[in-house]
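First residue of the sequence shown? That's 211 in my numbering, and the numbers climb one at a time after it. Have a look at the structure below, then the notes.
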Amino acid sequence: MKSAYNATWLHNLHILKEVKQWRDHDMLSPEQFGAISREYPSSFYHPNVIIRILLFIATLIALAGVTGLGALVVFNSRSNEEYAFVVSLIYGIVSFIFLDRVFIHNAKHYKSGVTEALLYHALGFALIGIAGMVDADPLMTASAFFVVFSIAAFRYIDLIATACAFASLAFFLFYVLYEAGGYMQQMIPMAIIIVFTPLYMALKKIKRQSAANPWRPCLTLLEALSLLLIYVAGNYFVVRELSLELMDLVIEEGQDIPLAYAFYFLTVAIPVGYLYFGIKRKDLVLIRVSLLAIAFSVFTFKYYFSLGHPEISLTAAGAVLLTVSLLLFRYLKTPKHGYTRENVLREKWADMNVESFVIAQSLGGNTVTVHETGGGGDFAGGGSTDSF
């Protein structure tokens with residue numbers, strides 16, 4: 211199976227998006243930009259964000275008008291209960307085919323708003339049909355959802371489908387261990403960490419391959435979600451509260467949850483580790499997730515070990531963060547260790563014949579040496595970066 215979109219047009223579209231940034235920074239003349247556009251044509255219909263939102267809403271309204279009455283008739287008629295979900299699944303499959311053949315293959319739409327609306331419309335009917343056919347069994351439903359969302363994410367390069375596939379996998383693992391009961395329930399946090407840590411490493415390895423360039427946004431999202439889930443699985447607040455709510459754990463005064471000190475340690479160690487490796491490797495995904503994790507870790511310890519006077523604590527914390535930010539902003543005025551407060555786009559590509567660079571990098575020939583400034587993919591992938 212491959213992406214539904216023309217790979218060459220997709221590659222060219224990514225190139226055009228990159229060189230538009232150069233043009234916006236006055237690094238390209240209109241003549242140079244026009245030459246590159248002619249060299250890398252893309253026939254996709256890919257409007258701006260505002261048009262995409264309007265088309266998305268309009269398409270959903272049109273689909274609701276076309277299918278709403280039929281859905282009400284099928285699902286509300288008692289005589290049709292036995293095959294209503296089969297009809298829903300078949301309609302979802304037909305909608306996928308319609309999206310592929312009419313709007314992507316013939317009309318050449320790429321994330322136009324119409325494609326997203328049709329995709330989610332088809333997913334909704336297909337998944338409702340599947341869930342009904344398996345009587346909403348949690349394991350069967352989660353497995354089917356994971357497969358369907360994964361196919362949609364891969365074929366249509368869709369971020370929402372990617373996130374839903376990830377959530378389905380996480381729920382499947384959680385539910386299997388939760389239903390096992392006993393010590394298996396206590397192993398849920400560690401099992402999540404053990405499963406999703408190698409997954410994160412595999413995603414990093416896959417993203418380095420040039421063949422994965424069209425799916426880089428999806429892979430970046432999966433990286434961030436994996437890091438967040440690993441942290442949440444080791445966070446003391448999350449583990450304690452879920453243990454009380456879902457596992458009927460009773461904690462007497464002076465007692466604590468099993469392995470409490472391990473979760474205290476993980477609540478601190480995971481964010482610090484993220485930040486350390488993010489800075490060391492210049493990985494923006496790690497750095498940004500680490501900042502979220504650090505903030506939640508502070509909340510966790512503040513929740514259980516309050517010093518009183520929350521207004522004083524918040525004011526002091528805000529003052530410290532503001533001071534650190536200003537000091538870093540001042541310190542990084544001059545680039546140090548690959549970091550700077552300035553916009554490096556102009557400096558990175560300054561004094562270059564960027565038209566020659568684009569053609570050389572994509573078609574071969576004499577290449578231009580570009581010095582790395584920390585972060586970003588090679589241009590063969592259309593200028594994709596690791597930013598999240």
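Virtual Cβ for every residue (Gly too), placed ideally from N, Cα, C.
Between the CA atoms of residue j and residue i - distance to the nearest angstrom
i: G574; j: Q231; result: At G574 the pLDDT is 45, less than 50, meaning the model places this residue with poor confidence and gives no usable figure here.
i: A570; j: F511; result: Note on A570: pLDDT 49, under 50, position unreliable in the model; the coordinate value appears next. Roughly 54 Å between the two C-alpha positions.
i: F355; j: G339; result: 11 Å
i: P399; j: G392; result: 14 Å
i: A352; j: I404; result: 20 Å
i: V344; j: Y215; result: 32 Å
i: S523; j: L532; result: 14 Å
i: I480; j: Y441; result: 6 Å
i: Y320; j: A272; result: 19 Å
i: F381; j: L387; result: 10 Å
i: Q183; j: N445; result: Residue 183 lies beyond the stretch modelled for the chain, which goes from 211 to 598, so this question has no answer here.
i: S609; j: E228; result: Because the chain spans 211 through 598 in this model, residue 609 falls outside it and cannot be assessed.
i: P257; j: N222; result: 16 Å
i: P468; j: A401; result: 15 Å
i: E451; j: A503; result: 17 Å
i: E462; j: M397; result: 22 Å
i: L270; j: V534; result: 47 Å
i: N316; j: V324; result: 14 Å
i: E350; j: A412; result: One detail in the question is off: residue 350 reads as Met in this sequence, not Glu. C-alpha separation (whole angstroms): 26 Å.
i: G483; j: V358; result: 34 Å
i: A341; j: P408; result: 30 Å
i: I307; j: V296; result: 17 Å
i: L496; j: S507; result: 16 Å
i: G488; j: A529; result: 25 Å
i: T218; j: A332; result: 26 Å
i: M562; j: T277; result: Low local confidence applies: a pLDDT of 43 at M562 is under 50, so the model's placement there is unreliable, with the coordinate-based value given in what follows. Cα to Cα, M562 sits roughly 55 Å from T277.
i: L476; j: I300; result: 47 Å
i: S213; j: S360; result: 12 Å
i: V460; j: S453; result: 9 Å
i: V259; j: F313; result: 18 Å
The ligand FMN heavy atom lying under 7 Å from the CB of residue i
i: F359; result: Absence of the ligand FMN is noted for the structure shown, with no ligands found whatsoever.
Sequence-distant residues of the same chain with beta carbon closer than 6 Å to residue i, five excluded per side
i: R233; result: F243
i: K318; result: S253, F254 and Y255
i: V448; result: V442
i: S298; result: F335, I338 and G339
i: L435; result: F376
i: M394; result: L387
i: L220; result: P424
Beta-carbon contacts of residue i that lie in its chain and below 7 Å, excluding the five residues immediately before and after
i: P427; result: L369
i: L329; result: L309, A362, Y366 and D368
i: F348; result: The amino acid occupying residue 348 in the given sequence is Pro; Phe does not appear at that position. These residues qualify, in order along the chain: Y385.
i: Y474; result: Y446
Proximal residues to residue i (C-beta, below 8 Å), its chain only, five neighbours per side dropped
i: G334; result: G302
i: L226; result: I246, S247, Y250 and S252
i: Y513; result: F447
i: L265; result: P257, S322, G323, V324 and A327
Residue range of the alpha helix (DSSP H) that includes residue i
i: I361; result: P348 to Y366
i: W219; result: A217 to D234
i: E433; result: R426 to G444
i: Y320; result: Premise fails: Y320 is in no alpha helix (DSSP H) and is neither H nor E.
i: F511; result: L494 to Y514
i: I246; result: P240 to E249
i: K212; result: Element bounds for K212: n/a, residue is neither H nor E.
i: F313; result: Segment: none, F313 is in no alpha helix (DSSP H) and carries neither H nor E.
i: L485; result: A470 to R491
Expected contact under 8 Å - CB spacing of residue i and residue j to nearest Å
i: K417; j: L429; result: 5 Å
i: T372; j: L282; result: No, T372 and L282 are not in contact; Cβ-Cβ is about 32 Å, not under 8 Å.
i: F406; j: L439; result: 5 Å
i: V478; j: L437; result: With 8 Å as the limit, V478 and L437 do not qualify as a contact, their Cβ atoms being about 16 Å apart.
Problem set entry | alpha helix (DSSP H) runs contained entirely in the stretch 371 to 423, provided each spans 4 or more residues | List check, alpha helix (DSSP H) in window: 393 to 396 and 398 to 417.
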